[in-house]
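Visitor: Its first residue numbered 17, the sequence shown is counted upward by one per residue in the working numbering.
Okay, handing you the structure first.
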Amino acid sequence: MKPLVHEHFLLRAEVENPSTNRRQVTKFLNKLVKKIKMKTMYGPVTSICKQEGNRGITAFAIIETSHISMHVWDECKPGKVHFDVYSCAPFKPEDVIQHFKEFFTVLKMDYKFVDRENRFTEVNL
């Protein structure tokens with residue numbers, strides 16, 4: 017058995033094209049799971065929030081090694097996306113960033129990659 021890792025990738029982006037389509041977001045998550053060589057256990061699940069000031073899509077997928085979650089706000093200009101991947105198996109954050117940029121027109125992006133094994137140690141990409 018391979019030893020577990022505890023890797024957490026967090027991303028915040030301002031985007032020109034915040035998705036309002038649940039099917040597109042589901043497809044985005046399914047493709048990402050394959051790209052980072054993980055296995056889906058449940059989902060993806062998407063839901064639309066219609067509350068003013070918080071309108072957008074929330075989505076998650078439970079993967080064999082933990083989870084992927086995403087929140088897309090579409091009523092603000094530019095749109096905003098908060099996104100994270102937590103896994104007990106190694107993955108390449110660069111693959112996540114590339115996939116994100118293929119789906120969204122990114123205006124601004126910030127991210128952190130954290131090793132949560134013993135402490136919250138930020139890993140340089």
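Built from N, CA and C at the ideal position, the CB exists for glycine as well.
If you're wondering where the values come from, they're calculated on a predicted model, not measured in any experiment.
Once DSSP output is grouped into helix, strand and coil, what is the label at ARG39?
Guide: As a first step, residue 39 is located in the sequence shown; it is residue number 23 there, counting from the start. Correct three-state label for ARG39: helix.
Visitor: Along the chain, where does the alpha helix (DSSP H) containing ILE79 start, and where does it finish?
Guide: Taking the first residue of the sequence shown as 1, we reach residue 79 at position 63. Careful: ILE79 lies outside any alpha helix (DSSP H), inside the beta strand (DSSP E) at 72 to 79.
Visitor: Taking 8 Å as the cut-off, decide whether the C-beta atoms of ASN46 and PRO60 are in contact.
Guide: On the sequence shown, position 30 is the one that residue 46 refers to. On the sequence shown, position 44 is the one that residue 60 refers to. Cβ distance < 8 Å, so ASN46 and PRO60 count as in contact.
Visitor: Would ARG38 pass as a contact of ILE73 if the rule is Cβ separation under 8 Å?
Guide: Within the sequence shown, the letter at position 22 stands for residue 38. Within the sequence shown, the letter at position 57 stands for residue 73. Yes. Within cutoff.
Visitor: Can you tell me whether DSSP reads VAL139 as helix, strand or coil?
Guide: Locating residue 139 in the sequence shown gives position 123, counting from the first residue. Correct three-state label for VAL139: coil.
Visitor: Shortest alpha-carbon distance to THR56 belongs to which of ASP126, SER82, PRO94, VAL112?
Guide: As a working mapping, residue 56 is identified with position 40 in the sequence shown. Residue SER82 is the option with its Cα nearest to THR56.
Visitor: Which residues in the same chain as LEU20 place their Cβ atom closer than 7 Å to its Cβ, once the five residues preceding and following it in sequence are excluded?
Guide: Translated into positions along the sequence shown, residue 20 becomes position 4. Same-chain partners within the cutoff: CYS104.
Visitor: Within its chain, find whatever has a CB closer than 6 Å to the CB of GLU152; leave out the 5 residues flanking it on each side and keep chain order.
Guide: The requested residue 152 is not part of the displayed model; the chain covers only 17 to 141.
Visitor: Can you give me the C-alpha to C-alpha distance between THR121 and VAL112, rounded to a whole angstrom?
Guide: Position 105 of the sequence shown, counted from the start, is the residue given in the question as residue 121. Position 96 of the sequence shown, counted from the start, is the residue given in the question as residue 112. Straight-line Cα distance between these residues: approximately 15 Å.
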